[in-house]
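Numbering (the UniProt record's numbering), first residue to last: 1 to 332.
C-beta atoms are modelled at their ideal positions from N, C-alpha and C, and glycine is treated no differently.
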Ligand code: 13P
Ligand code: SF4
C-alpha cells in the first residue's frame with residue numbers, strides 16, 4: 001500500500017503532510033511532519049500543487065488560507081475539540097461582554113487551534129494568530145499594543161503565558177467582572193481535553209519513583225502542571241529537547257501518546273527511559289482516526305477527479321483570516 005501511495009503522490013504532484021500526533025504508519029510515510037507552525041509554513045511554501053493533510057481541520061485550513069492556489073485534502077475529516085469550543089458568534093458575544101464591562105480597547109490573539117471564521121474576526125480587530133512555539137514572541141508584540149489582550153480559545157496557554165510574564169490573567173465567563181477588568185490577559189474558557197489529563201499528582205508520582213526524572217509538558221497543560229515542569233514546549237520543541245538528552249536520562253512527557261511513544265523506543269534489553277506522564281492513555285481521538293487506507297482512498301479519488309474532503313473556504317473569510325496568519329509568520 002505504501003508504494004502505491006508514493007506513486008500516486010508523485011503522479012498527482014501532491015505533498016503528504018502529517019502532524020506529530022498522527023499514527024506511526026502515517027508519520028513514517030509523510031513527506032513532511034512537524035508542529036502546527038512548521039506545517040503551516042512549510043506546506044504552504046512547498047512547490048507541490050496539492051497537499052494531503054493528515055491532522056485536524058484547523059491545520060489544513062491554515063495551509064489553504066496561506067496558499068489559496070493549492071488544493072488541500074484531508075484523508076479523514078477530523079476536528080480539534082478545542083477549536084470547536086469557539087465560533088464566530090461566540091467570539092462576537094465575548095467581545096460584547098468585554099465591552100459591557102467597559103473594556104473598549106481589545107487586542108485579540110487567537111491560538112492557531114481555531115477555525116477560519118474566528119481568525120477572520122480576530123484579523124478584523126487588528127489581532128494576530130499564535131502557535132505554541134511562537135506564543136511568547138507574539139505576546140511581546142501584543143503587549144506593545146497597549147490594549148487589553150483577549151486570548152482565545154485555550155485558557156491554559158493564555159494563563160501559562162501570563163504566569164511566565166508576571167502578568168495577571170482571568171477567564172471570561174468564569175471570573176468576576178472586577179477580576180476581568182484587572183487582568184492583563186483575558187482568556188476565553190476553552191481547553192484541550194487531552195492535555196487536561198496531566199495532573200500535579202502524576203508529576204509527584206514520577207518524581208517519587210525516579211528522583212532524577214525530567215518532566216516535559218506541552219503548554220496546553222494546566223498552569224499547576226506547567227509550573228512544576230522542567231521543560232515546556234511545542235511538539236517540535238519537546239522532540240528536540242528529549243532527543244538532546246543522554247540516553248540514560250529518564251523523562252516523563254505530558255503530551256499526546258503517539259508522539260511520546262515514538263520519542264525514544266528502548267532497544268532490545270534496554271530499560272525504558274521515556275514515559276507518558278499519565279496512567280490514562282492521552283490519545284487525541286480525531287488525530288488517531290487517519291489511516292494509510294484513508295490516504296490511499298483519498299489519492300485514488302483525486303485521481304478519478306473527485307473532490308475528496310477538499311478544504312474549501314469562503315474567499316472573503318479566507319482573505320481576512322490570512323491577514324492574522326501572515327502577521328504571525330512575519331513576527332515568528
Ligand atoms: P503544536 O503546535 O505544538 O504541534 O500543537 C498542536 C496541538 O494541537 C497540540 O495539542
Ligand atoms: Fe486539539 Fe487537543 Fe487534539 Fe491538539 S491534542 S488537536 S488541542 S484536541
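Taking residue 52 as reference, the option from 290, 272, 270 and 232 with the minimal CA-CA separation is 290. Contact between residue 66 and residue 44 holds, since their C-beta atoms are separated by about 4 Å, short of 8 Å. Of the heavy atoms belonging to the ligand SF4, at least one sits nearer than 7 Å to the Cβ of residue 220. Annotation: residue 57 to residue 80 spans about 7 Å, alpha carbon to alpha carbon.
The stretch 212-224 makes no contact with the stretch 8-22; the number of CB pairs closer than 8 Å stays below 3.
Collapsing the DSSP output to three states places residue 192 in coil.
Looking at the backbone, the Cα of residue 23 and that of residue 104 are separated by about 45 Å. For the 8 Å CB-CB criterion, residue 237 and residue 332 do not form a contact. Beta-bridge analysis with DSSP links residue 50 to 14 and 71.
Ranked by Cα distance from residue 139, the first of 117, 186 and 41 is 186. Annotation for residue 44: the continuous alpha helix (DSSP H) segment containing it runs 36-45. Between residue 239 and residue 229, the gap from beta carbon to beta carbon reaches 8 Å or more. Across the set 202, 115 and 271, the C-alpha of 202 shows the shortest separation from the C-alpha of residue 280. Excluding five sequence positions before and after residue 189, the CB atoms of its chain that fall closer than 7 Å to its own CB belong to 155, 171, 172, 173 and 174, given in chain order.
Taking a cut-off of 8 Å on C-beta distances, the stretch 33-44 does not touch the stretch 241-260, as fewer than three cross pairs fall below it. Of 25, 146 and 160, the smallest CA-CA separation from residue 135 is found for 160.
Close CB contacts of residue 241 within its chain, under the 7 Å cut and outside five residues either way in sequence, are with 216, 231 and 233 (chain order). If you keep only unbroken beta strand (DSSP E) runs of at least 3 residues inside the stretch 257-331, you get 274-276. Pairwise C-beta distances place the stretch 301-317 out of contact with the stretch 105-112, as fewer than three of them are shorter than 8 Å. In terms of side-chain proximity, the C-beta atom of residue 21 is found nearer than 7 Å to a non-hydrogen atom of the ligand SF4. Going by DSSP, residue 223 is part of the alpha helix (DSSP H) stretching over 223-228. Contact residues of the ligand 13P (beta-carbon closer than 5 Å to any heavy atom; chain order) are 35, 36, 131, 132, 234 and 235. Residue environment for residue 96: exposed (fewer than 16 other C-beta atoms within 10 angstroms of its C-beta). Relative to the non-hydrogen atoms of the ligand SF4, the Cβ of residue 194 comes within a distance shorter than 7 Å of at least one.
If you draw a 10 Å sphere on the C-beta of residue 273, you find 16 or more other C-beta atoms in it, and that means buried.
Per DSSP, residue 156 is one residue of the alpha helix (DSSP H) stretching across 155-164. DSSP links residue 170 through a beta bridge to 186.
For the pair residue 325 and residue 62, the CB atoms are nearer than the 8 Å cut-off.
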